[in-house]
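In the UniProt record's numbering, the protein residues as written are 1 to 244.
In what follows, a single structure is set out as structure tokens and then discussed.
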């Protein structure tokens, strides 16, 4: 027969052992469920927009939550923004990509950053045959800089091409924008970052559901809710796979 004192010590040991196991398990679970911080950095195709119920930043949050991935999304899109500085082109007098990169992105130390610039960079204010707001060479430099700084801060990058434009816009705008779309693809490959070709994404959708590209771009430039849904799903797929 085990003495009462010995029995008490044995019971006490078992209680402490079990509690320690529970605490360790809870701690591991908490670590496993670390909240991801995602910053969506871009222009008006990223920013909240009148007439759009849910831009892709909102949709990403919901899609990842549904997949059991805790996350917080900061939307750092601003309408009219190009990738450069207001000193490069001040047609729109706001803080552009290079002007606000530190405070809008790096200061948050995000786990993931989506980069979506190009529409305003490519825009030719004086019409066909004239210069873009930000030359494609500078666009490449700016995106390379963003990517380098984010990676140095241990963040992951998803680079998106600018979305295509619709038939309401003249052909020369489409042709100029293709230079920036191709540049984004080359940048992603050179830097080995995640990449979404929004052109292919949108055109693939219109082929599957036979309709014109204008069905996703009511004003010829900005995606509607269906367009934002396509972008969000593409981004969420990348993050879900990487965070398994």
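Glycine is no exception: its CB is placed at the ideal position from the N, C-alpha and C atoms.
Residue 156: buried (16+ other C-beta within 10 angstroms of its C-beta) or exposed?
buried
Which first and last residues belong to the alpha helix (DSSP H) in which residue 237 is found?
225-242
Threshold first: 4 residues or longer. Then list the alpha helix (DSSP H) segments lying entirely within the region 162-207, N to C.
Counting only runs of 4 or more, we get 171-191.
Separation of residue 149 from residue 223, as counted between CA atoms:
A direct Cα-Cα distance of roughly 29 Å separates residue 223 from residue 149.
Can you give me the start and stop residues for the beta strand (DSSP E) that residue 77 sits inside?
71-77
Could you check if residue 57 is buried or exposed, using at least 16 other CB atoms within 10 Å of its CB as the buried criterion?
buried
To the nearest angstrom, how far is it from the Cα of residue 205 to the Cα of residue 216?
9 Å
Own chain, CB closer than 6 Å to residue 118, minus 5 neighbours either side, in chain order
162, 180
Assuming residue 69 and residue 240 are in contact, meaning their beta carbons sit under 8 Å apart, how far apart are those beta carbons, in whole angstroms?
7 Å
Is the distance from the Cβ of residue 72 to the Cβ of residue 37 below 7 Å?
yes
Flag this pair as yes or no: are the beta carbons of residue 122 and residue 176 separated by less than 7 Å?
yes
Once the 5 residues before and after residue 18 are set aside, which same chain residues still bring their CB inside 7 Å of it?
Because residue 18 sits at a pLDDT of 41, beneath the cut-off of 50, its placement in the model cannot be relied upon, and the following sentence gives the value as read from the coordinates. Nothing meets the Cβ criterion.
Can you check whether the CB of residue 84 is closer than 7 Å to the CB of residue 147?
no
Does the beta-carbon distance from residue 227 to residue 169 come in below 7 Å?
no
Could you pull out every residue in the same chain whose Cβ sits closer than 7 Å to the Cβ of residue 225, ignoring the five residues on either side in sequence?
Result list for residue 225: 52, 53, 54, in chain order.
Give me the Cα-Cα distance between residue 93 and residue 234, rounded to the nearest whole angstrom.
32 Å
Could you compute how far the alpha carbon of residue 245 sits from the alpha carbon of residue 153?
Residue 245 lies beyond the stretch modelled for the chain, which goes from 1 to 244, so this question has no answer here.
What three-state label does DSSP hand residue 107 in the structure shown?
helix
I need the boundaries of the alpha helix (DSSP H) containing residue 87, first residue and last residue.
Taken as a continuous stretch (DSSP letters only), residue 87 belongs to no alpha helix (DSSP H), as it is neither H nor E.
Within this structure, are the beta carbons of residue 96 and residue 82 separated by less than 7 Å?
yes
Excluding the five sequence neighbours on either side, which residues of its own chain have a C-beta within less than 8 Å of the C-beta of residue 99, listed in chain order?
85, 86
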